[in-house]
Structures are given as structure tokens and as C-alpha cells.
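Everything below concerns the one structure shown next.
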Amino acid sequence: MTDPRATSANSMSGIAINPMIVIHGLAALGVSVQPNGRGEAMGTVANAREVLEKHPRFAGRFWLDTFHQEIFTTWDGSEPRRWADVDRIAIADVLQGEMGLFRFTPELVEQAVMVIAMKNQRDELRDWLKSLRWDETPRLDAWLANAAGVPQDEYHTAIARNFIISMVARGLAPGCKVDTMPVFEGSQGKGKSTLLSVLGGKFYAELTDPLDSKDFFVSIQGKWLVEIAELDAFRKTEVTRIKQALSAQVDRFRPPYGKHSIDSPRRTVFAGTTNESDYLRDATGARRFWPALVGDVNLDWLRQNREQIFAEAMEQYQGGATWWEIPEQAHREHTDARREDDAWEASIADYCLGHTEVSIPDVLHVVGVDLAKQGKAEQARAGRVLKSLGYERKTVKRAGKAVKRWIKDEPEPDAPF
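Going by the working numbering, the letters in the sequence shown line up with residues 446 to 862, in that order.
Have a look at this one:
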């Protein structure tokens, strides 16, 4: 039998509240909490979860958005927003001050919200994509020509299609392979960044953290389209990091709601912008970059047609379309035109004429590097030039010994008529 003296004092109002009245009042709303020996609702995670999950004031107002990897809420009547530290205090204030649940601390509230959110997961990006309905008017192939003023040829059409379909793929199939990146070129003020901002909408961001920092993986969470701006400012080592970042399919980081790191399949795609025309310093990684020179940018057209572009891409993706095939010859011509010239290339190219097999020491001798000075940096530089000339590094047997050589396969002669 409950002790009739078991009442709780509301320190804010000075009114004594019978704890059983509190519990019975919750029960009338379908909320069942467990009392302690004094008849008060126990301060347990289970009780706090029961209240926050079922009380009309809180029910359905906490969830984990798996795209953003953050807890969202509308408990205070706001539009959906990220859970903040102040929320746990404000909710505890309501539970204690208005509902007589004095054992429900801010820490308890936060723990209960985490349990509820993990049980109620949403995905803002996936939900948005699945809500789109295509009007069956083709726009996908020509969107880059219409919005960015690029030529409407086979190469640029492939970029237009592949880029948008790759975005859809990452939206619906987290962690799928996307290791390519369009690079939009043009003078300052041309509208390249604004173009990407309009395309990505609320899911767009400009990269601000170094690619090799732990903050990089956190900063791209909840971002669908990330711009790597001023690509011309990146040195060779940074281009290597871009390639590594593009290749990753899983991001490891500690989410805001947790104390431990998690592996999260990547949802982000990247696009580069630059004012320069000779930004490709590593020929071996050029396949990852799709250069496109921006002409007249039409942001109004993009704003008006953005949703339908993605709606069409959804249809293409669900129909089995790929997002990595691009005309090889045209792509090679575009990347070669953007490649930074190496002062050694002309001399090495002249030496290689008529040679299908060469060695690094011989090549370095041609450009005036003595054997004693042929270090790793010089060897790597010569190797990059040879790769750009179509040679491959192979192990072959010469005089009974296995040696490293750079080999260029001769094209097969045309068959006679």
C-alpha cells in the first residue's frame, strides 16, 4: 500500500504532487511507467523511453537520419532539426516542472532519446529521391549543355549522364563505387560553384577540411555533392589524396551521437572547379577526372529543371544504367590537353622513338641526371613521363636475369585487303 505521505514537492510552483496521480495520468494516455517503493516513476532509461516514445507531446518526434548520421527532432514544434545539447535540458525541465517526473534527469533524457532514435530511422536523401516522378521529358543528357554551356557532344553528354546517375547511385546504394570526378573549368566569377550549389541544393557543401584529416570524414556526412574548389592549388601530393578520397567507399568517423567510431558507407560524390587549364599533374590518375570547360551558365534553367533531371536519372538507374563509361579517345584528348608539361618530356619522347623497351637509368641519362643522382624522386618523375607516353613497367628476363623495364606494345598492323 502506498504511503499517503509519499508526495513530491514541485519546487517551481510549491505545489505537492501525489506521485500516483502522475503515474495514473500517464496510464490514461497509454504510457506505462514503473514506480519505485515510494510510488514515484523510477528514473530509468526504460521509463524515460516509455514517456518520450508514447506521450502525445513527444511521440514520433525523435529519429536518426542515416544520411546525416545525426539525431533529428521536432519535440518543440519546430521544423525537423538536429538534436542539440540544450534539448536534453529543456525536455528534462518539462518532464520535471510540468509533468512531475522529478527523477528524469537531462542525462536520462539523452539516453532515452538515443534508444528511440535508433529504433526510428529515416533517410532524408533517399526519401527525397524516391518521391520524384519523371514527366518523361528527356533532360539528363543535355543538362550540362543547357546549364553550363558545354558542347553537346558524345563526351560531354557522357559526363552529364554519368555524374547525375552516380549521385543517384550513392543516394540509393551507399558505398557503391564512384571514383571519378568532373572538373568544371572557367574564369573567376563564371558561376561554377553556384552551379554546383544549385545542383546539390541543401545537400551541397564546399570542402574546407584537408583530405587527410579526420575532420574530412565527419564534414562530408550529410553532404551529397561536395565541391573541391580551386583544384589548381593542389600540389602533386594533394592530387594523390584526392584520388585516395575518391576511391574510398566507406568512411570511418565518430558520429555526433556516439562515443565510438563507425564505418559508414559513403553517400558523397565530388566535383572539382578550377580557373586553370593545366591542373592534371599525374597522368596515371587522369582517368578519374572528367574535364569540362564551362561556357554561359544558366542557373534559372537548372533551378527549374533540377528535380526532373534527378527524376529521369532515377529511372535510368533503376533500369540498370551505369555511371562510369566514357568515350576513351575523347577523354584522353581532354585530359592530355589539361596535363601540366614536364620539361623532361620532349627529350624522353625523342629518345623513345623507335624503342619499345627502355630503362629508367637510360632515360635519366638522356635528361642529364648522372647515375649517382638518380634517386627515388627522379625515378618516379621519369616513370610518370614514360606512362604518359604509353609505356608500362614490367618485369622481363634479360641474359637470364629478371629486370625491370618499361615496355610499349606495338600496335598490330592492319590486315591486308
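Each residue gets a CB set at the ideal place from its N, CA and C atoms; glycine is no exception. The model shown is predicted, which means the values in this text are computed figures rather than measured ones.
Can you tell me the Cα-Cα spacing of residue i and residue j, whole angstroms?
i      : j      : result
Asp708 : Phe698 : 7 Å
Lys846 : Thr840 : 10 Å
Leu585 : Val714 : 18 Å
Leu540 : Gly488 : 11 Å
Asp521 : Ala592 : 41 Å
Phe503 : Leu497 : 5 Å
Ala678 : Leu641 : No answer about Ala678 holds up, because its pLDDT of 48 lies below 50 and its placement is not dependable.
Glu543 : Lys575 : 41 Å
Thr550 : Arg606 : 53 Å
Arg506 : His500 : 10 Å
Gly828 : Leu691 : 23 Å
Asp807 : Arg838 : 14 Å
Ala737 : Gln749 : 22 Å
Met446 : Pro619 : Low confidence applies here, because Met446 scores a pLDDT of 40, under 50, leaving its location unreliable; read the following figure in that light. Going from the Cα of Met446 to the Cα of Pro619 covers about 56 Å.
Glu760 : Trp579 : 8 Å
Ala758 : Pro583 : 10 Å
Gly636 : Val742 : 6 Å
Trp573 : Gly484 : 47 Å
Can you check which of these residues, the options, is closest to residue i by C-alpha distance?
i      : options                           : result
Asp863 : Thr653, Ser664 and Ala716         : Examination of residue 863 is not possible in this model, given that the chain is present from 446 through 862 alone.
Leu809 : Thr801, Ile610 and Lys818         : Lys818
Asn720 : Trp789, Gly765 and Gly631         : Gly631
Trp768 : Gln556, Thr625, Glu752 and Ala491 : Thr625
Arg733 : Val811, Lys622, Val812 and Ala825 : Lys622
Gly482 : Ala535, Ile687, Gly835 and Met465 : Met465
Asp656 : Phe629, Ala756 and Arg686         : The question names Asp, yet the displayed sequence has Leu at residue 656. Of Phe629, Ala756 and Arg686, the residue nearest in Cα terms is Arg686.
Tyr649 : Ile673, Phe629 and Asp660         : Ile673
Ala825 : Asp795, Trp789, Tyr796 and Gly799 : Trp789
Ala731 : Pro701, His779, Pro710 and Gly703 : His779
Ala794 : Asp781, Leu831 and His469         : Leu831
Counting along the chain, where does the beta strand (DSSP E) carrying residue i start and finish?
i      : result
Phe608 : Not the beta strand (DSSP E): Phe608 falls in the alpha helix (DSSP H), residues Glu599 to Leu617.
Ser709 : Ile707 to Pro710
Ile516 : Glu515 to Thr518
Arg838 : Glu837 to Arg843
Arg697 : Val695 to Phe698
Phe512 : Element bounds for Phe512: n/a, residue is neither H nor E.
Arg852 : One detail in the question is off: residue 852 reads as Ile in this sequence, not Arg. Lys846 to Ile852 is the extent of the beta strand (DSSP E) around Ile852.
Any idea if residue i is buried or exposed, counting beta-carbon neighbours within 10 angstroms, 16 or more meaning buried?
i      : result
Thr718 : buried
Ile604 : buried
Gly645 : buried
Ile438 : Nothing about residue 438 can be read from this structure; the chain reaches only from 446 to 862.
Lys668 : buried
Gly740 : exposed
Thr653 : exposed
Glu555 : buried
In the DSSP assignment, find the alpha helix (DSSP H) that holds residue i and state where it starts and stops.
i      : result
Trp746 : Leu744 to Gln763
Pro806 : Ile805 to Val811
Glu485 : Careful: Glu485 lies outside any alpha helix (DSSP H) and carries neither H nor E.
Tyr796 : Glu790 to Cys797
Gly717 : Not the alpha helix (DSSP H): Gly717 falls in the beta strand (DSSP E), residues Val714 to Thr719.
Asp532 : Asp530 to Gly542
Ile468 : Pro464 to Ala473
Glu524 : Looking at the DSSP string, Glu524 is not in any alpha helix (DSSP H), and its letter there is neither H nor E.
Sufficient close CB pairs (3 or more, under 8 Å) joining the region 768-786 to the region 594-613: yes
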